[in-house]
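The structure appears right after this line, and notes come after that.
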Amino acid sequence: MTQPLAAPTDTIDLAAEYREAGVADVLDRLDAELVGLAPVKRRVREIAALLLVDRVRARLGLASTPPSLHMCFTGNPGTGKTTLALRMAEILQRLGYVRKGHVVAVTRDDLVGQFIGHTAPKTKEVLKRAMGGVLFIDEAYYLFRPENEKDYGQEAIEILLQVMENQRDDLVVILAGYADRMDRFFESNPGMKSRIAHHVEFPDYSNAELAQIAERMLADWNYRFDAAGRAAFDDYLRHRRAKPHFANARSVRNALDRMRLRQALRLFDGATPIDPDDLQILTDADVRASRHFRPTPPTLVGQAPPDEEIDAYDPDRIPERSDY
Amino acid sequence: MRITQGAFSFLPDLTDTQIAAQIEYCLRNDWAVAIEFTDDPHPRNTYWSMWGHPMFDLADAAGAMQALRECRAARPGHYIRINAFDPSAGWETVRLSFIVGRPAVEPGFRLVRREGPGRTLHYTLESYAVGRQPEGERYAT
Chain G
1 MTQPLAAPTD
11 TIDLAAEYRE
21 AGVADVLDRL
31 DAELVGLAPV
41 KRRVREIAAL
51 LLVDRVRARL
61 GLASTPPSLH
71 MCFTGNPGTG
81 KTTLALRMAE
91 ILQRLGYVRK
101 GHVVAVTRDD
111 LVGQFIGHTA
121 PKTKEVLKRA
131 MGGVLFIDEA
141 YYLFRPENEK
151 DYGQEAIEIL
161 LQVMENQRDD
171 LVVILAGYAD
181 RMDRFFESNP
191 GMKSRIAHHV
201 EFPDYSNAEL
211 AQIAERMLAD
221 WNYRFDAAGR
231 AAFDDYLRHR
241 RAKPHFANAR
251 SVRNALDRMR
261 LRQALRLFDG
271 ATPIDPDDLQ
281 ILTDADVRAS
291 RHFRPTPPTL
301 VGQAPPDEEI
311 DAYDPDRIPE
321 RSDY
Chain B
325 MRITQGAFSF
335 LPDLTDTQIA
345 AQIEYCLRND
355 WAVAIEFTDD
365 PHPRNTYWSM
375 WGHPMFDLAD
385 AAGAMQALRE
395 CRAARPGHYI
405 RINAFDPSAG
415 WETVRLSFIV
425 GRPAVEPGFR
435 LVRREGPGRT
445 LHYTLESYAV
455 GRQPEGERYA
465 T
């Protein structure tokens, strides 16, 4: 007989396990709070189910290697990768796969040093901070610069790999970035690819989903569209999507910020007294004043295209990012 | 002679699990953890060398334990201690300090007597280990 000693005599109530772990709560909130993203939600549910089953198996003494939890999120900008990383940390913590469940979000600058001998302490420092939680590396492909063979990024990758392999129960690493660049990154770093078990792809939002996201954002800030404004916003989304640097939900948030500015100016300039409703409503005019409704002016030689001129005022924008 | 400095030093040496649990307690109280080492065990030697920076943004003991393992590997035969700093007063105050590593053999201290004027005696302590070798080689195995 090769049956395990602690052979279960009665059935196991997985549903009860699920409730006890408190994962149901996180997954339900994920469903309710994130618009769209159906394939991502299904993937998260799969991972959660796998971990739950694994945990039950471990308790019954059924041998299984601890699951590899490192993940890779690929998708276009503004599709919710960072938000999901936060939720993922919560799920992993509820299931007991990470102890603290905090997320340390870093980019290349936080890991790679400026001179010889600077990278290792910097990377280790970050890893130490992330222990017991999730290390989220945004735009991970910047770590590897094939055009410069003396680049210190490779050193950071090696330290990362070592910890990802040896301290799997202390730390979960999530890499994030655009799909095509991540693919190239993995091609040149096969060690990294083989240590990442879960690849999650984030699809772009449809216009209807983006409009829904916009409405939720506005509700959070105590604003709303009037009927004409809402229709204008649908129009706006159609125009915006065709323009360069479209970044899904992030573009929506930036657009809403600019609409709030225009609304404030309109109220400020208007001579009539206003009531509380006026303070909350974004109208047709606020939306349609956007430069995306204007025909594109011809670019003059030696002059920056107008797009970038205006984008430069975005406070969130990091100069080297191209996704705005 | 077994050196007894800081907390827990009259107990048997802490295991790694116990050390991690103590660090966990420090982090729960929002204290920053730092690692220090020396090979001069004199009780008045308060200035030990730091192993890296104090770890201010730690969330879990695993990070500090990793640093401790590195320190042990790089400085075998040294005394290693963990200090926990409490910043709540507006400055860093040591709240807990305990030894987490010590040499295999500790030869102890000699009582030095110096005769002064009028046949008075002055007493002081001198570590055998410090006297016999320069720094870094005192407890070499």
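Residue numbers (my numbering), protein chains in the order written: chain G, 1 to 324; chain B, 325 to 465.
In this text, a Cβ means the ideal position worked out from N, Cα and C, and glycines have one as well.
Are there 16 or more other CB atoms within 10 angstroms of the CB of residue i, so buried, or fewer, so exposed?
i	result
Y313/G	Low per-residue confidence applies at Y313/G: pLDDT is 49, beneath 50, and the placement is therefore not dependable enough to give any value.
D170/G	buried
K243/G	exposed
A271/G	exposed
K128/G	buried
T2/G	The predicted model places T2/G with a pLDDT of 48, which falls under 50 and marks its position as unreliable; any figure quoted below should be read in that light. Counting Cβ neighbours within 10 Å, T2/G comes out exposed, since fewer than 16 surround it.
P190/G	exposed
Y152/G	buried
M182/G	buried
Y463/B	buried
G432/B	exposed
W221/G	exposed
W415/B	exposed
D384/B	buried
H377/B	exposed
I274/G	exposed
K150/G	exposed
I347/B	buried
S64/G	exposed
A7/G	Here A7/G scores only 49 on pLDDT, less than 50, and its place in the model is too uncertain to base an answer on.
A16/G	exposed
I310/G	For I310/G, the predicted model reports a pLDDT of 48, less than 50, meaning its position is unreliable; a value from the coordinates is still stated below. When all chains shown are included, I310/G counts as exposed.
N166/G	exposed
P121/G	exposed
L445/B	exposed
My assumption, with CB atoms under 8 Å, is that residue i sits in contact with residue j. Please give the rounded CB distance.
i	j	result
I137/G	V173/G	7 Å
V104/G	G133/G	6 Å
T107/G	A156/G	That pair is no contact at about 11 Å.
L392/B	I359/B	6 Å
V287/G	Y236/G	6 Å
M389/B	A344/B	5 Å
V200/G	R43/G	5 Å
K81/G	F202/G	6 Å
V424/B	L351/B	In fact, because the Cβ distance is near 16 Å, the residues do not count as touching under 8 Å.
Q263/G	V35/G	That belief does not hold up - the Cβ atoms of Q263/G and V35/G are roughly 23 Å apart, past 8 Å.
Y97/G	L60/G	About 18 Å; that fails the 8 Å criterion.
F225/G	S188/G	F225/G to S188/G, Cβ: 46 Å. No contact.
With distances taken between CB atoms, is the gap from residue i to residue j smaller than 8 Å?
i	j	result
A379/G	I91/G	Here chain G covers residues 1 to 324 and nothing more, so residue 379/G does not appear.
S451/B	G330/B	no
P67/G	L86/G	no
M164/G	G387/B	no
A159/G	K193/G	Reading off the sequence, residue 159/G comes out as Ile, not Ala. Cβ distance not < 8 Å, so I159/G and K193/G don't count as in contact.
D110/G	V126/G	yes
R437/B	Y447/B	yes
V357/B	A408/B	yes
N248/G	T83/G	no
R258/G	S290/G	yes
A176/G	F246/G	no
A21/G	R94/G	yes
P367/B	Y403/B	no
M217/G	L161/G	no
G229/G	D269/G	no
Whose Cβ in chain G lies nearer than 7 Å to the Cβ of residue i?
i	result
R364/B	The question names Arg, but residue 364/B is Asp in the sequence shown. Chain G residues near D364/B: none, gap ~26 Å exceeds 7 Å.
M379/B	K128
In terms of DSSP beta bridges, what is residue i paired with?
i	result
D410/B	T417/B
T448/B	V436/B
L175/G	C72/G and I137/G
Y403/B	T362/B
S373/B	F361/B
R224/G	I281/G
F202/G	G75/G
I423/B	R405/B
A331/B	F422/B
V106/G	I137/G
M379/B	V357/B
Which chain B residues sit within Cβ distance under 7 Å of residue i?
i	result
R99/G	D384
G132/G	A383, D384 and A386
D110/G	Those within 7 Å of D110/G in chain B number zero; the least Cβ separation is about 12 Å.
What residues from chain G crowd round residue i, counting only those whose CB sits closer than 9 Å?
i	result
A391/B	K124 and K128
Chain B partners of residue i, CB-CB under 8 Å?
i	result
H70/G	Result: empty, since nearest Cβ-Cβ is about 16 Å, beyond 8 Å.
H102/G	A383
S286/G	Reading off the sequence, residue 286/G comes out as Asp, not Ser. Those do not exist, as D286/G stays about 42 Å from chain B at its closest Cβ, beyond 8 Å.
Who are the neighbours of residue i on chain B, taking C-beta pairs under 9 Å?
i	result
H118/G	What H118/G touches in chain B: nothing, since even the nearest Cβ is about 14 Å away.
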